[in-house]
Amino acid sequence: MQLVLQGAYLDFFPDLRAYVERKLAYALIRCRAAVKQATVSLTNRKHPRQGDEWTCAIRLILRDRGRIEGRALKTMPSAAIAHALARLSQDVGKKIRPRSAASPETRRR
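Count along the sequence shown from 1, then add 15; that gives the number in the working numbering.
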């Protein structure tokens, strides 16, 4: 799996890449082979009234199964990454899960 990190302030957070790699590996532990590329975009929006808001967008390109994206908006970059991965892991589990080979009679019940 290829990991691409994009965004502002990544030079100021040297441990951020290791954090993203660790969290991504844990979130995709069962379906890592199906993921071709993961792109993590992190942006900081400064609002005069609300303070800092970090947006994390994670896009996965799956082998033969399309793309999946998860987004989160939080006050801390690590929280935004963790929340986006939580949303993404649910969607990946649904898309990667093999369909049951049950007979049509079993499906109607």
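Positions of the beta carbon are idealized from the N, C-alpha and C atoms, including for glycine.
If you draw a straight line from the alpha carbon of residue i to that of residue j, how long is it in whole angstroms?
{"i": "residue 92", "j": "residue 76", "result": "23 angstroms"}
{"i": "residue 35", "j": "residue 17", "result": "13 angstroms"}
{"i": "residue 22", "j": "residue 60", "result": "12 angstroms"}
{"i": "residue 42", "j": "residue 101", "result": "7 angstroms"}
DSSP three-state call for residue i: helix, strand or coil?
{"i": "residue 74", "result": "strand"}
{"i": "residue 121", "result": "The predicted position of residue 121 is uncertain, since its pLDDT is 49 and thus under 50; no value can be drawn from it."}
{"i": "residue 88", "result": "strand"}
{"i": "residue 82", "result": "strand"}
{"i": "residue 20", "result": "strand"}
{"i": "residue 57", "result": "strand"}
Report the residue from the options whose alpha carbon sits nearest the alpha carbon of residue i.
{"i": "residue 79", "options": "32, 51, 20", "result": "51"}
Would you decide whether residue i is buried or exposed? Buried here means 16 or more other CB atoms lie within 10 Å of its CB.
{"i": "residue 107", "result": "buried"}
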